[in-house]
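> Let me begin by handing over the structure; questions about it come next.
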Amino acid sequence: MKTLKQYYRLFRRNIRRENMRKNHDRFLKDIPVMVNTETLSELDFAAGYFTGAIKTAAEFGEITIEQEEELIKIVGYIHEGEREKREEA
Numbered sequence: 001m002k003t004l005k006q007y008y009r010l011f012r013r014n015i016r017r018e019n020m021r022k023n024h025d026r027f028l029k030d031i032p033v034m035v036n037t038e039t040l041s042e043l044d045f046a047a048g049y050f051t052g053a054i055k056t057a058a059e060f061g062e063i064t065i066e067q068e069e070e071l072i073k074i075v076g077y078i079h080e081g082e083r084e085k086r087e088e089a
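Structure representation (C-alpha cells):
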C-alpha cells in the first residue's frame with residue numbers, strides 16, 4: 001500500500017509540473033501580441049495586462065515564482081524595446 005501511495009504522489013507531482021510548463025509556454029506565446037499594438041497607450045495596456053495575468057497565475061500556483069520572474073523580465077524587455085522604436089518614429 002505504501003508504494004501505491006508513493007506512485008500516486010509521483011504521478012500527481014508530474015502532472016503538476018507538466019501543467020506549469022504548459023502555462024509558462026502559453027504566456028510565452030501570448031506575449032508577442034504587444035508587438036502588434038499601434039499606439040503607445042495600447043502597448044502600455046498590453047504590458048500591464050500580461051504582467052497582471054502572470055502575477056495572478058503565480059498567486060494561484062499555475063506557474064512557479066521563478067517562471068513568474070522570467071516572464072515579467074521578458075515582458076519588460078519587449079515593452080522597453082517596442083516603446084523606444086515607437087518613440088523614435
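If you're matching positions, the sequence shown starts at 1 in the UniProt record's numbering and goes up one per residue.
The beta-carbon is built from N, C-alpha and C at its ideal position, and this holds for glycine as well.
1) Is the CB-CB distance between residue 35 and residue 82 below 8 Å?
2) Mark residue 62 as exposed unless 16 or more other C-beta atoms lie within 10 angstroms of its C-beta, in which case mark it buried.
3) Per DSSP, what kind of secondary structure is residue 18 in: helix, strand or coil?
4) To which residues of the same chain is residue 57 closer than 8 Å at the C-beta, ignoring the five residues directly before and after it?
5) Please classify residue 62: does DSSP put it in a helix, a strand, or coil?
In terms of the structure at hand:
1) Yes, the Cβ-Cβ distance between residue 35 and residue 82 is below 8 Å.
2) buried
3) helix
4) 23, 27, 63 and 68
5) coil
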